[in-house]
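Asks:
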Amino acid sequence: MMGATMRGKEQLYEEAKAAVAAFREQVRHRGAYRIVRQPDGVVSMWDLVGREAEPFEMTFAEAGRISYQIEKMSPEFAKGVIAYLRGEMEKGGGRRR
2 MMGATMRGKE QLYEEAKAAV AAFREQVRHR GAYRIVRQPD GVVSMWDLVG REAEPFEMTF
62 AEAGRISYQI EKMSPEFAKG VIAYLRGEME KGGGRRR
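One gets the working numbering by counting positions in the sequence shown from 1 and adding 1 to each.
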């Protein structure tokens, strides 16, 4: 049972990393972003620097923790990131002119 749960968690984080990679492609590998999950579960993204800043960087923040690795965050955070980035991609992604 534990192995199945662990595989599900690993798959969740892989899906979240794939969402981040797709977003990175959409913004042409530029910009610095922080994805934040509030205590009430709301996920938002901050554009930390100008549109043309290189290289691309993304950090994750939740419950007083900041990390460059999504695997360090909770599974609920990863689920929120996947949903949020899918929505951003549908809207045209991170950069609004």
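In this text, a Cβ means the ideal position worked out from N, Cα and C, and glycines have one as well. Predicted, not measured: the structure shown is a model, and the values here were computed from it.
Kindly indicate which residue of 8, 6, 22 and 47 has the alpha-carbon position closest to the one of residue 83.
Replies: Counting from 1 along the sequence shown, the entry for residue 83 is found at position 82. The shortest C-alpha separation from residue 83 is found at 22.
Asks: Return helix, strand or coil for residue 57, following the three-state DSSP convention.
Replies: Translated into the one-based positions of the sequence shown, residue 57 becomes position 56. Looking at residue 57 - three-state DSSP - the assignment turns out to be coil, as it is neither helix nor strand.
Asks: Give me the residue from 20, 13, 15 and 12 with the minimum Cα distance to residue 91.
Replies: Taking the sequence shown and counting its residues from 1, one reaches residue 91 at position 90. Measuring from the Cα of residue 91, the nearest candidate turns out to be 20.
Asks: Please state whether DSSP places residue 7 in a helix, a strand or coil.
Replies: As a position in the sequence shown, residue 7 is number 6, starting the count at 1. In the structure shown, residue 7 sits in a helix (DSSP, three-state: H, G or I).
Asks: From the DSSP output, in three-state form, read off residue 44 for me.
Replies: By one-based count along the sequence shown, residue 44 stands at place 43. In this structure, residue 44 counts as strand in the three-state DSSP scheme.
Asks: Quick one: what does DSSP say residue 69 is sitting in, helix, strand or coil?
Replies: Walking along the sequence shown from the start, residue 69 turns up at place 68. It is coil, neither helix nor strand.
Asks: How should residue 69 be labelled, buried or exposed, when 16 other C-beta atoms within 10 angstroms of its C-beta is the threshold for buried?
Replies: For the purposes of this step, residue 69 is taken as residue 68 along the sequence shown, with counting starting at 1. Exposed, since its Cβ has fewer than 16 Cβ neighbours within 10 Å.
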